[in-house]
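Numbering (this note's numbering), first residue to last: -18 to 138.
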């Protein structure tokens, strides 16, 4: 995760862990993501977030949730997508903010999808507040409509 000579090698190690990793591997993934060598490597960061979203667990959720507030739009987008897997109810307020105000359409689509899959009362209310009718980005408009359907059909936890 940190010793590979090429960023692609380190990214492949994170991807491999996403397939075989367990919750005990989460601290190593988080440490590698925080390593100065990997901080600006988008491919590596993406693979770490996706691995964490597959492995899950409390520590993975906390790390991914924190990345939703990143100053890097790429990290926010990948983290929002990771939340579609983690379905972390504690991420609802941040996901709502991304859906309402992020400038990147893909991030907003992932935020809407995650809220629909989380499907708690709070997530449903966030969808209602943040999904605006007549959204100029039709992908976001469609994601909101689909997320509402999914949330409505889901049983409350």
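The beta-carbon is built from N, C-alpha and C at its ideal position, and this holds for glycine as well.
Taken through DSSP and simplified to helix, strand or coil, residue 20 comes out as coil. In the same chain as residue 50, and ignoring 5 residues on each side of it, the C-beta atoms closer than 8 Å to its own belong to 57 and 75, in chain order. DSSP places residue 117 outside both helix and strand once states are collapsed to three, so it counts as coil. DSSP places residue 15 inside the alpha helix (DSSP H), whose first and last residues are 7 to 15. If you keep only unbroken alpha helix (DSSP H) runs of at least 4 residues inside the region 16 to 84, you get 23 to 36, 39 to 48, 54 to 67 and 73 to 82.
When the five nearest sequence neighbours on each side are left out, the beta carbons in the same chain lying within less than 7 Å of the beta carbon of residue 44 are those of 11 and 33, in order along the chain. Distances from the alpha-carbon of residue 83 to those of 123, 118 and 7 put 118 closest. A distance below 8 Å separates the beta carbons of residue 120 and residue 90. Residue environment for residue 1: exposed (fewer than 16 other C-beta atoms within 10 angstroms of its C-beta). Here the alpha carbons of residue -14 and residue 125 stand approximately 42 Å from one another. For the pair residue -9 and residue 115, the Cα-to-Cα distance works out to about 43 Å. Looking at the backbone, the Cα of residue 52 and that of residue 132 are separated by about 29 Å.
Between residue 69 and residue 46, the C-beta spacing is below 8 Å.
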